[in-house]
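Residue numbers (my numbering): 36 to 263.
Built from N, CA and C at the ideal position, the CB exists for glycine as well.
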């Protein structure tokens with residue numbers, strides 16, 4: 036059984052190369068439970084590579100990556116063992132003929148009405164409840180995928196390009212949800228964004244990447260508010 040103070044991730048001497056270029060170089064870092072981490076930096080600095088590593092999507096890297104103090108290695112048939120509890124937002128659900136209501140009813144069943152109350156009774160979104168997901172815009176689809184990810188209550192929630200395609204009000208809405216899940220449910224949240232000022236208020240740790248290296252770490256004061 037995992038201990039409360041045990042880090043959720045431990046990284047040691049991590050190196051990822053694409054051809055001859057160093058995409059990621061992390062000598063030593065730990066991610067802790069119930070904290071919000073924001074990874075930022077310029078384009079091609081390694082943000083997406085870092086998140087793919089933490090979600091065990093990368094097969095080829097050097098170094099040690101521990102999840103809950105356990106080492107997950109490639110299997111002999113070249114497939115990666117994926118630990119439970121990690122959810123990478125951005126790929127599910129896929130576009131289909133299903134309406135938003137039908138999708139949530141299929142996945143969450145009795146929780147569907149609560150999800151509707153929380154996310155789809157506002158003036159801007161109430162008309163989408165019966166809309167097929169294939170008809171949603173890029174920003175609306177990202178919103179749907181993030182709602183799904185939050186309501187699954189994962190141990191670790193990973194979001195690449197957080198806020199991309201969202202307006203200011205949507206970012207404020209999800210900042211509150213992310214903060215609630217981290218503070219009240221103990222979810223470790225790891226976001227990448229080029230607009231880190233949008234999430235400074237909720238972040239515990241800001242990691243600045245430069246050419247695959249962590250160039251700066253800024254710890255934020257914790258906010259113990261459990262507002263939803």
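Exercise. Which term fits residue 186, buried or exposed, when burial requires 16 or more other beta carbons within 10 angstroms of its beta carbon?
Worked result: buried
Problem set entry | Identity of the residue in 105, 161, 128 nearest residue 118 by Cα | Looking at the Cα atoms, 105 is the closest of the given residues.
Exercise. Comparing alpha-carbon positions, which option in 49, 102, 247, 78 lies nearest residue 2?
Worked result: Given a span of 36 to 263 for the chain in the structure shown, any question on residue 2 remains unanswerable.
Problem set entry | Endpoints, beta strand (DSSP E) assigned at residue 64 | 56-66
Problem set entry | Whole-angstrom distance between residue 155 and residue 111, CA atom to CA atom | In this predicted model, residue 111 has a pLDDT of only 46, less than 50, meaning its place in the structure is not dependable; the value taken from the coordinates is given anyway. So the two alpha carbons sit approximately 46 Å from each other.
Problem set entry | Whole-angstrom distance between residue 128 and residue 246, CA atom to CA atom | 32 Å
Exercise. In terms of alpha-carbon separation, which member of 132, 223, 56, 233 lies closest to residue 189?
Worked result: 223
For this session: Identify the continuous beta strand (DSSP E) that holds residue 46 and give its terminal residues.
Result: 44-53
For this session: Could you tell me whether the Cβ atoms of residue 191 and residue 226 are closer together than 8 Å?
Result: no
For this session: Kindly give me the distance between the Cβ atoms of residue 123 and residue 90, rounded to whole angstroms, as I take these residues to be in contact under 8 Å.
Result: 4 Å
Problem set entry | Assigned secondary structure, residue 233 (DSSP; H/G/I helix, E/B strand, else coil) | helix
Exercise. Assuming residue 250 contacts residue 73 under a Cβ cut-off of 8 Å, what Cβ separation, rounded to an integer in Å, is found between them?
Worked result: Rounded, the Cβ-Cβ distance is 14 Å, inconsistent with contact.
Problem set entry | Three CB pairs or more closer than 8 Å across the segment 49-56 and the segment 198-211 | The segment 198-211 and the segment 49-56 do not touch, with fewer than three beta-carbon pairs separated by less than 8 Å.
Exercise. Just the Cα atoms here: how many angstroms apart are residue 180 and residue 241?
Worked result: 24 Å
For this session: Using the Cα positions of residue 86 and residue 138, report the straight-line distance between them to the nearest angstrom.
Result: Cα to Cα, the separation comes out at about 27 Å.
For this session: Kindly indicate which three-state DSSP category residue 219 falls into: helix, strand or coil?
Result: helix
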